[in-house]
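Written below as structure tokens is the structure these notes are about.
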Ligand code: C2E
Ligand code: CA
Ligand code: CA
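In my numbering, the protein residues as written are 3 to 512.
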């Protein structure tokens, strides 16, 4: 009894000092999170303030509508404010008729997109990336009301709002977002899945109802504190004991999504879904894109957008993709062996292009399931195509294996077709952002036609993605696009449902 009491007493000051240092670590982290939110808010204020000022100046020139004078003023402003991509004029019927790049012929309708009216009568609205001939994939961010209901808009990439921030300023699990009227404009870092175990701070920008929120995990806040415990030796063994308790406690609460992600493979929480790919020439299902799904025991189905970025950062993407390739063999082996014309597309991340491991993984998975590697198609995004030898080596090695390579999400990044030409690619996937404008406005649909034409000149076959309507399908087919996928045909399906789909789809004409 006495021994227990003495031990307890001896621990008291230690526990006290631990509690104190713990508290100050949290306080410091909170101050840091607040500081980041404040700094970003200041930057966002600067961008929005100059946008607002420019819009007020331009209102004068816009009174006569889309004149050469207005276009010249747009250009001058865009040149003076390097941060702005450009300016545009939206007429009373909601058509974007000219931008700082010139007149749009024909104009692009954008007004039926999400609109929110501010009390003073000016408007702030957000569009999904609008593809016009001059501004592919740029979001239109803030607009200014003119008297007759027409508007001038500012075009700039929302990422700009966070461009001054180093991505890891709040540690691996940090997250910063900028919103306007509650709508997210831009975000950086790992999106927190739960409010618990995170520190966060929100700052009002003071313009256009913009807000900045910064978030960091508690485990990041305590990392310095934990290190100190082990180095400064005041508490020695006792600290160790307390730490054991603390770590057990943290482990019990599953402190971060990073940990959960690590366990997910072992716990078999991942599934591969398959989105059918249709050959438009004979309307047959000729393959599928493998898309990962995380069935989280508590959170339910977590969309890949939430965890792929994290898996890329932590390197978990490598074993994850290895697992996907094996799973593809398991799910689709029989079909692939039976039909040599069938292919499965697998997404690769930039990390796959730093070594030849992915080639070995593909070869091994194909061999284990007796699949011809020619039936595997690897999708690379523009981000993955770095102009260096290592990247070319991986693509060449995949080609030697017999597999094909596609550039994914083409048009959403900054690379040009000329850049793409430097790599041995087989397919180009036209992004949904372009496909979805087909049949709505001729100017943007024209952009799809331009991409299709150029891809053909480069000898690339084309897969259109995000096909949702019959009109889009017909347009693409008539422009010589051979392959397509999208909700018009089918959503990504669990393996068994996909096999069922393919069987039925290809039986229908027979
Ligand atoms: P992605 O490679 O561009 O995949 C296409 C995404 O568009 C999929 O979302 C798919 O479900 C969705 N989609 C397909 N057709 C339509 C359509 O007609 N309309 C609309 N609105 N959406 C459509 P998902 O599965 O949520 O995947 C999102 C992204 O996550 C993928 O974009 C890809 O970048 C990444 N991802 C998914 N699985 C993997 C994977 O296994 N490895 C890697 N590295 N990335 C993956
Ligand atoms: Ca893809
Ligand atoms: Ca894509």
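Heads up, the beta-carbon is just placed ideally off N, CA and C, and yes, glycines get one too.
With C-beta atoms as the reference, is residue 263 less than 9 Å away from residue 219? no
Using DSSP with H/G/I as helix, E/B as strand and the rest coil, what is residue 184? coil
For residue 283, collect the residues of the same chain with a Cβ closer than 8 Å to its Cβ; drop the 5 residues on either side in sequence, then sort them by chain order. 479 and 484
Shorter than 8 Å, the distance from the beta carbon of residue 271 to the closest heavy atom of ligand 2, or not? no
Residue 495 by DSSP, collapsed to three states: which one? strand
What's the C-alpha gap between residue 351 and residue 386? 6 Å
Consider the C-beta atom of residue 433 and the heavy atoms of ligand 3; say whether any pair is separated by less than 8 Å. yes
From what residue to what residue does the beta strand (DSSP E) around residue 218 run? 212-219
Considering only the beta carbon of each residue, do residue 409 and residue 382 sit closer than 9 Å? yes
Rounded separation between residue 202 and residue 184 - CA only: 16 Å
Give the C-beta separation of residue 373 and residue 339 to the nearest angstrom, bearing in mind that I take them to be a contact with Cβ-Cβ under 8 Å. 7 Å
Give me the DSSP bridge partner(s) of residue 275. 293 and 496
For residue 517 and residue 97, which I take to be in contact (beta-carbon distance under 8 Å), what is that distance rounded to the nearest angstrom? Residue 517 falls outside the range modelled here, since the chain spans only 3 to 512, and no answer is possible.
Taking 8 Å as the cut-off, is the CB of residue 2 close to at least one heavy atom of ligand 2? Within the shown structure, residues of the chain are numbered from 3 to 512, placing residue 2 beyond reach of any answer.
Based on the DSSP secondary-structure assignment, which residues constitute the bridge partners of residue 201? 218
Rounded C-beta distance between residue 214 and residue 204? I'm assuming under 8 Å. 7 Å
Rounded to whole angstroms, what's the CA-CA distance from residue 178 to residue 307? Just pull it up for me. 16 Å
I'd like to know whether the C-beta atoms of residue 486 and residue 466 end up nearer to each other than 9 Å. yes
Going by beta carbon distance, what residues of the same chain come within less than 6 Å of residue 246, once the five residues before and after it are set aside? Bear in mind that the predicted position of residue 246 carries a pLDDT of just 40, short of 50, making it unreliable; the figure below should be weighed with that in mind. Result list for residue 246: empty, nothing under 6 Å.
Considering only the alpha carbon of each residue, which of 470, 276 and 429 lies closest to residue 459? 429
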